[in-house]
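K.L.:
Got a structure for you, written out below as structure tokens; questions coming shortly.
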Amino acid sequence: SGKKEQELELQHAREQIGEAGRLLAAGGVVAFPTETVYGLGADARNTASVEAVFAAKGRPSDNPLIVHIADMGQLDGLVTEVNETARRLMKAFWPGPLTVVLPVAEGAVSPRVTAGLSTVGVRMPAHDVALQLIAAAGCPVAAPSANRSGRPSPTLASHVGEDLDGRIDGIVDGGPTGVGLESTVVEVGRDGAVTVLRPGGITAEQLARFAASVRLDAALQRAGGGSADIPAPRAPGMKYTHYAPQGAMRIVSGPAPEAVAARIQAELDAAAQRGETTGVLAFDEHIAAYRADLVLSLGSLAALETAAHRLYAALRRFDDRGVTYIMAESCPEDGLGSAVMNRLLKAAGHQVIYV
Ligand code: TXA
Ligand code: MG
Numbered sequence: 029s030g031k032k033e034q035e036l037e038l039q040h041a042r043e044q045i046g047e048a049g050r051l052l053a054a055g056g057v058v059a060f061p062t063e064t065v066y067g068l069g070a071d072a073r074n075t076a077s078v079e080a081v082f083a084a085k086g087r088p089s090d091n092p093l094i095v096h097i098a099d100m101g102q103l104d105g106l107v108t109e110v111n112e113t114a115r116r117l118m119k120a121f122w123p124g125p126l127t128v129v130l131p132v133a134e135g136a137v138s139p140r141v142t143a144g145l146s147t148v149g150v151r152m153p154a155h156d157v158a159l160q161l162i163a164a165a166g167c168p169v170a171a172p173s174a175n176r177s178g179r180p181s182p183t184l185a186s187h188v189g190e191d192l193d194g195r196i197d198g199i200v201d202g203g204p205t206g207v208g209l210e211s212t213v214v215e216v217g218r219d220g221a222v223t224v225l226r227p228g229g230i231t232a233e234q235l236a237r238f239a240a241s242v243r244l245d246a247a248l249q250r251a252g253g254g255s256a257d258i259p260a261p262r263a264p265g266m267k268y269t270h271y272a273p274q275g276a277m278r279i280v281s282g283p284a285p286e287a288v289a290a291r292i293q294a295e296l297d298a299a300a301q302r303g304e305t306t307g308v309l310a311f312d313e314h315i316a317a318y319r320a321d322l323v324l325s326l327g328s329l330a331a332l333e334t335a336a337h338r339l340y341a342a343l344r345r346f347d348d349r350g351v352t353y354i355m356a357e358s359c360p361e362d363g364l365g366s367a368v369m370n371r372l373l374k375a376a377g378h379q380v381i382y383v
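Residue numbers (UniProt numbering): 29 to 383.
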């Protein structure tokens with residue numbers, strides 16, 4: 029009967045996807061899983077639908093949406109030129125967690141999608157449900173992460189429900205997402221130079237194997253961020269405080285793990301004295317050292333995929349438990365660590381204690 033159940037489940041999934049595809053085609057707003065986080069989809073050509081996405085999220089209208097496609101044929105109508113490096117990146121990483129910013133073809137998508145920019149971010153997600161849904165909808169699907177603006181991105185369908193129930197037309201439940209952090213957003217210069225506008229599931233090291241050069245958008249280079257001599261980020265969304273839990277959050281960073289752990293515990297103890305509900309977000313290597321009301325693990329420092337996968341759900345759990353003061357460890361900023369630290373820093377409002 030295991031086989032029979034599986035078949036029934038598959039059929040149920042197909043029906044759900046078909047129904048969601050019809051909703052999208054009819055102008056509805058539907059949340060769906062991708063390999064990164066859940067997205068909130070709308071027909072990218074339909075201005076009213078795209079506006080409904082902004083309204084449901086409470087998203088500032090100057091922050092453009094990523095357009096999701098299911099096959100390379102859909103790209104042609106969307107953009108005017110794709111240089112050789114961009115092509116190579118797509119070939120290497122699509123379907124997958126890479127968004128490529130390209131010159132938008134006039135009239136291809138609603139101007140609300142691009143927030144008035146001359147470019148559009150495009151990606152082909154590596155998730156069967158997402159791909160089947162986009163194909164069923166028969167249109168390019170504009171989709172930001174399916175959270176209320178300012179909340180951590182959803183990595184479970186239940187997170188979407190918490191944030192958006194009653195505000196959207198449907199949710200396709202595909203279980204937990206894989207990567208857990210959003211896609212890497214890149215711009216590719218005429219000369220083939222790649223600029224990372226948002227670190228994500230595809231690392232700079234991976235990109236470098238297919239591009240002449242890879243650099244981080246200058247606005248992201250300084251971890252502490254936000255000083256006057258740093259330009260505004262080129263991905264408009266990167267300037268907003270995102271992913272913030274309701275409690276105050278601080279990161280402690282330094283070369284000596286014992287010193288970091290000691291400082292974190294001292295801060296937690298002081299907070300508990302003040303009557304705060306305390307939380308700590310730490311790696312398995314040091315987690316046994318901490319005493320707090322809620323201790324959450326990001327997995328091992330040796331496997332940052334686990335940290336990426338768990339981070340947003342952990343931030344939501346602190347909120348659920350009413351944690352008012354959160355201390356977090358940091359990780360090295362190479363590989364996936366660049367994306368993990370980018371999101372941690374945002375969650376902490378860039379408040380870092382160096383020891
Ligand atoms: O993994 C993801 O990318 C998820 C899933 C659902 O696909 N989507 C997602 O979308 O994270 P959103 O809207 O939360 O983030 C889109 C980011 C924002 O920082 C936005 O500013 C940037 O991409 N972006 C979109 N279009 C852009 C453009 N034309 N130029 C520069 N940045 C752009
Ligand atoms: Mg988002």
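We put the CB at the ideal spot given by N, CA and C, even for glycine.
I'd like the span of the alpha helix (DSSP H) that includes Met369, first residue to last.
P.N.:
Residues Gly365 to Ala375.
K.L.:
Pull up the distance between the alpha-carbon of Ala171 and that of Gln160, whole angstroms please.
P.N.:
Those two C-alpha atoms are separated by around 15 Å.
K.L.:
At which residues does the beta strand (DSSP E) containing Ile230 begin and terminate?
P.N.:
Segment: none, Ile230 is in no beta strand (DSSP E) and carries neither H nor E.
K.L.:
Taking 7 Å as the line, does the beta carbon of Ser89 fall inside it for any heavy atom of ligand 2?
P.N.:
It does not: the Cβ of Ser89 is nowhere closer than 7 Å to a heavy atom of ligand 2.
K.L.:
Based on Cα-Cα distance, which residue from Thr305, Gly124, Gly144 and Gly194 lies nearest to Ala133?
P.N.:
With distances taken between Cα atoms, Ala133 lies closest to Gly144.
K.L.:
For Thr172, is the beta carbon positioned less than 7 Å from some heavy atom of ligand 2?
P.N.:
Before going further, note that residue 172 is Pro rather than Thr in the sequence given. It does: the Cβ of Pro172 is within 7 Å (strictly closer) of some heavy atom of ligand 2.
K.L.:
Tell me Tyr318's beta-bridge partners as DSSP assigns them.
P.N.:
None; Tyr318 has no bridge partner.
K.L.:
Do the region 220 to 238 and the region 76 to 84 touch if we need at least three Cβ pairs shorter than 8 Å?
P.N.:
These segments do not touch.
K.L.:
Would you list the residues sitting across from Leu103 in a DSSP beta bridge?
P.N.:
In the DSSP output, where bridge partners are listed per residue, Leu103 has none listed.
K.L.:
For the 8 Å Cβ check, are there 3 or more pairs between the region 188 to 197 and the region 99 to 117?
P.N.:
No contact exists between the region 188 to 197 and the region 99 to 117.
K.L.:
Which ranges does the beta strand (DSSP E) cover as unbroken runs of at least 3 residues, wholly within the region 63 to 93, from first to last along the chain?
P.N.:
Counting only runs of 3 or more, we get 67 to 71.
K.L.:
For Thr334, collect the residues of the same chain with a Cβ closer than 7 Å to its Cβ; drop the 5 residues on either side in sequence, then sort them by chain order.
P.N.:
These residues qualify, in order along the chain: Leu326, Gly327 and Ser328.
K.L.:
Distance check for Pro227 and Ile45, CA to CA, integer angstroms please.
P.N.:
Computed Cα separation, rounded: 30 Å.
K.L.:
Is Tyr271 buried or exposed, if buried means 16 or more other CB atoms sit within 10 Å of its CB?
P.N.:
Label assigned to Tyr271: buried.
K.L.:
Using DSSP with H/G/I as helix, E/B as strand and the rest coil, what is Ser186?
P.N.:
Correct three-state label for Ser186: helix.
K.L.:
Kindly confirm or deny that the region 237 to 244 and the region 138 to 152 touch, where touching means at least three C-beta pairs closer than 8 Å.
P.N.:
Short answer: they don't touch.
K.L.:
Per DSSP, what kind of secondary structure is Met152 in: helix, strand or coil?
P.N.:
DSSP places Met152 in coil when its eight states are reduced to three.
K.L.:
How many angstroms separate the CA atom of Gly178 from the CA atom of Gln274?
P.N.:
Cα to Cα, Gly178 sits roughly 10 Å from Gln274.
K.L.:
According to DSSP, which residues form a beta bridge with Ser241?
P.N.:
Note: Ser241 sits in a beta bridge opposite Ala221.
K.L.:
Enumerate in chain order the residues of its own chain whose CB-to-CB distance from Arg338 is below 8 Å, with the five nearest sequence positions on each side excluded.
P.N.:
So the qualifying residues of the chain are Gly208, Leu324, Ser325, Leu326 and Gly327.
K.L.:
What first and last residue would you give for the alpha helix (DSSP H) that runs through Thr334?
P.N.:
Unbroken alpha helix (DSSP H) run through Thr334: Leu332 to Asp348.
K.L.:
Taking Cβ to Cβ, would you say Val150 is nearer than 8 Å to Thr142?
P.N.:
Not in contact: Val150 and Thr142 (Cβ atoms no closer than 8 Å).
K.L.:
Leaving out five residues on either side along the sequence, give the residues of the same chain with a beta carbon under 7 Å from the beta carbon of Gly254.
P.N.:
Model confidence at Gly254 stands at a pLDDT of 41, short of 50, so the residue's coordinates are unreliable and nothing is read from them.
K.L.:
What's the gap between the Cα of Ser146 and the Cα of Phe311?
P.N.:
Each residue's Cα considered, the two are about 42 Å apart.
K.L.:
What's the C-alpha gap between Glu233 and Leu364?
P.N.:
Roughly 9 Å separates the two Cα atoms.
K.L.:
Is the beta carbon of Leu130 less than 8 Å from the beta carbon of Val107?
P.N.:
Yes, Cβ-Cβ distance for Leu130 and Val107 is below 8 Å.
K.L.:
In three-state DSSP terms, what is Glu210?
P.N.:
Three-state result, Glu210: coil.
K.L.:
Which class does His96 belong to by DSSP, given the choice of helix, strand or coil?
P.N.:
His96: strand per DSSP, three-state reduction.
K.L.:
Where do the ends of the beta strand (DSSP E) carrying Pro131 lie?
P.N.:
Residues Leu126 to Pro131.
K.L.:
Over what stretch of residues does the alpha helix (DSSP H) that includes Phe121 continue unbroken?
P.N.:
From DSSP, the alpha helix (DSSP H) with Phe121 extends over Glu112 to Phe121.
K.L.:
Quick check on the burial criterion: 16 or more other C-beta atoms within 10 angstroms. Buried or exposed for Arg87?
P.N.:
Its Cβ being crowded by 16 or more others within 10 Å, Arg87 is buried.
K.L.:
Alpha carbon to alpha carbon, how far is His96 from Pro153?
P.N.:
About 7 Å.
K.L.:
By Cβ distance, which residues of its chain are closer than 7 Å to Ala256, with the 5 residues on each side in sequence left out?
P.N.:
The predicted model places Ala256 with a pLDDT of 47, which falls under 50 and marks its position as unreliable; any figure quoted below should be read in that light. Counting only Cβ-Cβ distances below 7 Å, and skipping sequence neighbours, we find nothing.
K.L.:
Can you round the beta-carbon distance between Asn370 and Leu248 to whole angstroms, since I take them to be within the 8 Å contact cut?
P.N.:
Contact holds; Cβ gap of about 7 Å.
K.L.:
Among Cys359, Phe346 and Ala165, which has the Cα closest to the Cα of Pro283?
P.N.:
Closest option to Pro283, Cα to Cα, is Cys359.
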